Amino acid sequence: MRVAIVGSGPSACYAADELTTTPGLDVEVHIFDRLPTPWGLVRYGVAPDHQHTKSATRTFERMASRPGVFFHLGVEIGTHLTHNELLAHHHAVIYAVGAPADKRLDLPGEDLPGSVSATDLVGWYNGHPDHADHAFDLSPERAVILGNGNVALDIARLLTRDVKELARTDIAGHALSALAGSGIREVVVVGRRDPAHAAYTTPELLGLAGLTTEVELTLDCPATEVDPAENDTDQTACSPPTLKAHVADELASRPAGSAPRRIVLRYLASPVEILGDDRVRGIRLRRNAMVADGNDRSGIRPTKTTDVLECGLVVRSVGYRGRPMPGLPFDIDRGIIPNHNGQVVDPNTGETRTGVYVTGWIKRGPSGVIGTNKHCSIETVTSLLDDHANGRLTAPASGSRSLLDLVRERRPESIDFEGWRAIDQFERTAGKQAGRPRVKIVDIDGMLVRAQIS
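In this note's numbering, the protein residues as written are 12 to 465.
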């Protein structure tokens, strides 16, 4: 059996790992990625100061070294090859293309200079070629991050950490230089709910708490009360005790520190508008109240109280969305490719697409941690293998040689895994000389040059 996987991030690699370790399965796997570098979210999404999280690539490298696994890096499906051409050369195609678009809030002032997305900022400091040439004004003293998930905490940490500490990571060189001259002294992270219902995970919060000598951490959580004028039922504030809440209470009781920068975790607030004329000057926030719905669930209700917070940078970090793929159905509301257990489904007819599958964020939406993708990919591969065992997959019309010839014709600059090894080795060698894990190449031309030298 021959399987194509579009994308080379965690969900793609876990799918390839599952396929190539299935007992008795004779399989050939071709992995395509539009960038010359593999690993997706691990390389371009994980924060530079979370090097331990990037150790997942060891599993991926073992998978990539197995017989029958081929990488085609720098090849974009929909540009260099079509979906139908992939199907003509494979029994099945798995799309693992992630959720690269950011969600918008549709706020007044959202498009002002100084209002940016987490997607752009994270890609910038991680050296993603699509974002490496972006410029961010870091001169304002206060930045506000809308959303309080793990990515929001990553950004808050990166904007306030000691540059000497960041210089020991694989943060992109241009970002390190910009942060060295940053004027930001306070980052306010705004969440709609109370600490018990915050979107971040407890380990991420504890990570912030551990930066006591570099960053002062402050919690701003107003009393959880329901506005009587807006509460026509007998609902009351609902904040069940959780580990998150206990940790937040502990942090709130700590004495103020003397660190040069500060992170404020502000709860029970929603953005109303971003203020400014020629650029961001501030943001108006509305206070929220926690309410119970009578079924042991909690929600929020906006009150009439608003506040204005002066700031010069606003980062929206409220989630990600998938993008449509040519030739495939797309659920525009959820930002995913519709599927059942990973097999693509036509939403108009309810029929499955023979031999076409999805995994990762494009399958389920942007949720979970890197390890979550392993279970997601196993489910998808199980669906694929069931179709294979029951004769529901169509044999490819063309063989591997035809595929390789087609790739070479359409994208002569494409590189294989050995080309990536050359890039990897160059970055690690440069990093060793600088006392860092690696020094990333951040432009595609530079990557291709290093790959071709091999």
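Idealized CB from N, CA, C, for every residue including glycine.
Note that this is a predicted model, so its numbers are computed, not measured.
Would you mind working out which of the options sits nearest residue i, comparing C-alpha positions?
i, options, result
"His142", "Lys175, Ala183 and Arg332", "Ala183"
"Leu279", "Asp231, Thr393 and Pro34", "Asp231"
"His102", "Met12, Val369 and Thr391", "Met12"
"Arg364", "Asn159, Leu84 and Tyr106", "Tyr106"
"Leu254", "Leu216, Pro358 and Pro140", "Leu216"
"Pro21", "Val40, Leu46 and Thr70", "Thr70"
"Gly430", "Ala462, Leu84 and Leu415", "Ala462"
"Leu98", "Lys315, Val226 and Leu404", "Leu404"
"Ser413", "Thr93, Glu29, His100 and Val57", "His100"
"Glu227", "Gly353, Arg265, Gly371 and His257", "Arg265"
"Tyr25", "Val53, Thr48 and Gly35", "Val53"
"Glu362", "Ile381, His61, Leu339 and Thr317", "Leu339"
"Glu284", "Arg447, Ile166 and Val325", "Val325"
"Leu169", "Thr68, Ile156, Asp435 and Ala58", "Ala58"
"Trp50", "Ser19, Gln62, Pro377 and Glu72", "Ser19"
"Pro475", "Pro34, Thr33 and His61", "Residue 475 is absent from the structure shown; the chain starts at 12 and stops at 465."
"Val291", "Val201, Pro124, His83 and Asp344", "Pro124"
"Ala441", "Asp289, Gly192 and Asp181", "Asp181"
"Leu276", "Met458, Ala209 and Asp131", "Ala209"
"Arg334", "Asp318, Gln444, Gly376 and Leu132", "Gly376"
"Asp318", "Thr64, Pro233 and Pro151", "Pro233"
I'd like the list of long-range same chain contacts for residue i, defined as Cβ closer than 7 Å, with 5 residues on each side in sequence excluded.
i, result
"Gly6", "The structure shown does not extend to residue 6, since the chain is modelled only from 12 through 465, so no value can be given for it."
"Asn350", "Val356, Val369 and Lys374"
"Ser281", "Arg203, Leu296, Arg297, Asn299 and Pro313"
"His91", "Arg421 and Arg422"
"Ile294", "Val155, Pro282, Ile285, Leu286, Leu320, Cys322 and Val325"
"Glu261", "none"
"Lys443", "none"
Excluding the 5 residues preceding and the 5 following residue i in the sequence, name in chain order all residues of the same chain whose CB lies nearer than 6 Å to its CB.
i, result
"Arg153", "Glu197 and Cys322"
"Val367", "Val104 and Val355"
"Tyr211", "Asn159, Gly160, Asn161 and Leu164"
"Ser128", "Asp113 and Arg327"
"Glu87", "Arg45"
"Pro23", "Here the sequence assigns Ala to residue 23, which means Pro is not the residue at that position. Around Ala23: Ile16 and Ala107."
"Gln246", "Low local confidence applies: a pLDDT of 38 at Gln246 is under 50, so the model's placement there is unreliable, and no value is given."
State the Cα-Cα distance for the pair residue i and residue j, rounded to the nearest angstrom.
i, j, result
"Pro407", "Ala15", "11 Å"
"Tyr331", "Gly346", "8 Å"
"Ala263", "Arg273", "14 Å"
"Val453", "Trp135", "9 Å"
"Met471", "Ile389", "Residue coverage of the chain in this structure runs from 12 to 465, which leaves residue 471 outside it and unanswerable."
"Leu190", "Glu96", "45 Å"
"Asp243", "Ser269", "With a pLDDT of 40 at Asp243, under the threshold of 50, the predicted position of this residue should be treated as unreliable, and no value is reported."
"Val108", "Ser66", "21 Å"
"Phe341", "Cys387", "19 Å"
"Arg439", "Asp122", "38 Å"
"Gly310", "Pro119", "25 Å"
"Val80", "Arg419", "17 Å"
"Ile42", "Ala433", "18 Å"
"Val450", "Pro47", "16 Å"
"Pro251", "Ala27", "With a pLDDT of 46 at Pro251, under the threshold of 50, the modelled position of that residue is not reliable, and no figure is offered here."
"Ile348", "Ile156", "29 Å"
"Leu149", "Ser126", "12 Å"
"Gly382", "Pro214", "15 Å"
"Ala256", "Thr391", "36 Å"
"Gly138", "Val302", "42 Å"
"Ile467", "Tyr55", "Coverage of the chain is limited to positions 12 through 465, which leaves residue 467 absent and any answer about it impossible."
"Thr33", "Ser394", "13 Å"
"Val460", "Asp435", "13 Å"
"Arg179", "Gly446", "6 Å"
"Ser188", "Ser411", "46 Å"
"Ala146", "Gly194", "15 Å"
"Val258", "Pro206", "9 Å"
"His63", "Asn359", "44 Å"
"Asp144", "Val201", "28 Å"
"Leu415", "Ile166", "41 Å"
Ordered along the chain, which non-local residues of its own chain (more than five positions away) have a Cβ less than 8 Å from that of residue i?
i, result
"Ala240", "Interpretation of Ala240 is limited by its pLDDT of 44, a score under 50 that renders its predicted location unreliable; the figure taken from the coordinates is listed afterwards. Within the same chain, Ala240 has close Cβ partners Lys315."
"Thr31", "Val38, Val40, Met74, Arg77, Gly79 and Val80"
"Ile455", "Leu46, Pro47, Gly85 and Pro140"
Cβ contact check for the segment 109-122 and the segment 396-410: 3 or more pairs under 8 Å: no
Three-pair Cβ contact test at 8 Å for the segment 217-229 versus the segment 164-173: yes
Those runs of the beta strand (DSSP E) which lie wholly inside the segment 77-139 and span at least 3 residues: 80-84, 103-106 and 126-128
Segments of 4+ residues assigned as alpha helix (DSSP H) that fall wholly inside the segment 168-211: 174-177 and 184-191
Whole runs of the beta strand (DSSP E) within the segment 287-340, excluding any shorter than 3 residues: 293-303, 309-321 and 324-327
Whole alpha helix (DSSP H) elements within the segment 350-413, 4-residue minimum: 372-375 and 383-400
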